[in-house]
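**Student:**
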Amino acid sequence: MVNKIYFINNGSGPIDTIKLFDAIPEYTELAEVLNCTSPATLLPSSIATCSVTTTDDANAVGYEGGIEWQLGGTLAPAESGYVTYRVKVK
552 MVNKIYFINN
562 GSGPIDTIKL
572 FDAIPEYTEL
582 AEVLNCTSPA
592 TLLPSSIATC
602 SVTTTDDANA
612 VGYEGGIEWQ
622 LGGTLAPAES
632 GYVTYRVKVK
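In structure tokens, the structure reads:
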């Protein structure tokens, strides 16, 4: 199962501190290592860097817990993208 998190700047000015948070759904576990590369992410060209971490720094298959993506750069008004991760039922 793929979980996709969409983001967009609905404001009138740029955003330069971008963090996305999610958690592995109950009764599932991470099916593959998290990453910031395509096709797992679609980032506008204004986002220069992406890093992803887990609550306990255990980015591995079978992980259960929180996830945080940190995007470096500036998200202009109306720019958007997404990040994804795969889970499997335990």
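What the sequence shown shows, in the working numbering, is residues 552 to 641, in sequence order.
All residues carry an ideal CB built from backbone N, CA and C; glycine is no exception.
1. Counting pairs of beta carbons, one from the stretch 617 to 635 and one from the stretch 560 to 572, are three or more of them closer than 8 Å?
2. Does DSSP put Glu-630 in a helix, in a strand, or in coil?
3. Please report the distance separating the alpha-carbon of Thr-605 from that of Gly-617.
4. Alpha carbon to alpha carbon, how far is Met-552 from Tyr-633?
5. DSSP three-state call for Cys-601: helix, strand or coil?
**Tutor:** This is what the structure holds:
1. Judged by Cβ distances under 8 Å, the stretch 617 to 635 makes contact with the stretch 560 to 572, as three or more pairs qualify.
2. If DSSP states are grouped into helix, strand and coil, Glu-630 belongs with coil.
3. Rounded to the nearest angstrom, the two C-alpha atoms are 6 Å apart.
4. Going by the C-alpha atoms only, they are around 16 Å apart.
5. Note: Cys-601 maps to strand in three-state DSSP.
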